[in-house]
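Novice:
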Amino acid sequence: MSKDVIIACDFNSKKDLFAFLDQFTEEKPFLKIGMELFYAEGPAIVKEIKARGHKIFLDLKLHDIPNTVKKAMAVLSNLDVDLCNVHAAGTISMMEAALEGLTRPDGTRPLLIAVTQLTSTSEERMQNDLLINRSLNEVVLHYAANTKIAGLDGVVCSPLEAGTVKEVCGKDFLTITPGVRFADGEAGDQVRITTPAKARELGSDYIVVGRPITQADNPVAAYRRCMNEFLGGETV
Ligand code: C5P
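Positions in the sequence shown are counted from 1; adding 1 to them yields this note's numbering.
1. On the three-state DSSP scale, how would you describe V76?
2. Does the beta-carbon of A198, which I'm using as the reference point, lie nearer than 8 Å to any heavy atom of the ligand GTP?
3. Per DSSP, C85 forms a beta bridge with which residues?
4. With a threshold of 8 Å, are at least 3 pairs of Cβ atoms found where one atom belongs to the segment 186-203 and the other to the segment 142-161?
5. Checking the sheet assignment: what are the DSSP bridge partners for Y207?
6. Between the beta-carbon of L153 and the beta-carbon of I114, is there less than 9 Å?
7. Can you give the Cα-Cα distance for T176 and V116, rounded to whole angstroms?
8. Could you tell me which residues DSSP pairs with G155 in its beta bridges?
9. One question on the structure: do S205 and T178 come within less than 9 Å of each other, judged by their Cβ atoms?
10. In three-state DSSP terms, what is K33?
11. Looking at F147: is its Cβ nearer than 9 Å to the Cβ of T104?
12. Whether or not the segment 37-46 and the segment 9-18 are in contact is what I'm after, with contact meaning three or more pairs of Cβ atoms, one per stretch, closer than 8 Å; do they touch?
13. Distance, Cα to Cα, F174 vs K29?
Quick look at the structure:
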């Protein structure tokens with residue numbers, strides 16, 4: 002898959018989601034559906050969005066024993082999503098089991114990525130609450146390396162970490178990066194942010210953008226601006 006902008010659809014109902022999507026009459030953006038919408042509306046929401054022609058990143062961040070994750074992934078694979086994820090903290094065996102569950106009998110499967118450390122986890126919390134006495138950066142890179150060993154396709158990380166992740170895991174290892182804001186936009190609760198153009202420069206493969214698009218006065222114009230800045234004016 003080539004570089005793309007993924008819109009984080011953090012809506013809590015189908016009605017709000019479709020009111021947002023109805024504004025896109027020309028493009029079919031790649032969408033991220035999270036726990037809130039999935040738990041509210043169930044798997045049917047995924048099928049409905051697919052029927053409208055969108056690619057889907059189903060962001061459920063699975064983390065359980067390998068056998069449970071394997072079986073859950075087989076269910077998600079049947080939903081025909083394009084991208085899904087697990088927590089790398091579940092260990093290499095859990096990630097291998099996830100990959101196995103996701104792979105269909107014909108050998109095809111959605112892309113699978115892992116969350117390293119959540120961006121809401123500070124180094125202090127990781128060390129004090131989780132008793133992981135290393136630097137956050139070291140842990141992120143170690144978890145990314147584990148993800149690669151397990152055979153997954155990439156990780157969710159900050160755009161600021163994308164370069165070092167690729168140094169450790171190779172240039173084809175995908176980096177999917179939230180925390181993106183326009184230069185003249187509001188940061189909101191995100192702390193370590195970059196612009197779409199900077200994310201491209203730092204090597205992100207996919208940027209995940211929510212509020213700068215979903216809360217914009219003109220979401221379609223904001224999406225086009227984001228695509229244009231991220232792809233360097235190549236396709237828009
Ligand atoms: O609105 P905003 O652009 O901040 O949305 C970013 C999206 O990416 C949200 O859905 C958020 O949950 C998700 N995310 C994140 N940081 C991570 C992992 C996911 O912001 N480390």
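Even for Gly, the Cβ is constructed at its ideal location relative to N, Cα and C.
Bear in mind the structure is a predicted one, so any value in this text is a computation, not a measurement.
Specialist: Straight from the coordinates:
1. helix
2. The model depicted lacks the ligand GTP and carries the ligand C5P instead.
3. L59, L113
4. yes
5. D5, I177
6. yes
7. 10 Å
8. I114, L175
9. yes
10. strand
11. Per the sequence shown, residue 147 should be read as Asn rather than Phe. In this structure, T104 does not lie closer than 9 Å to N147 by Cβ.
12. yes
13. 25 Å
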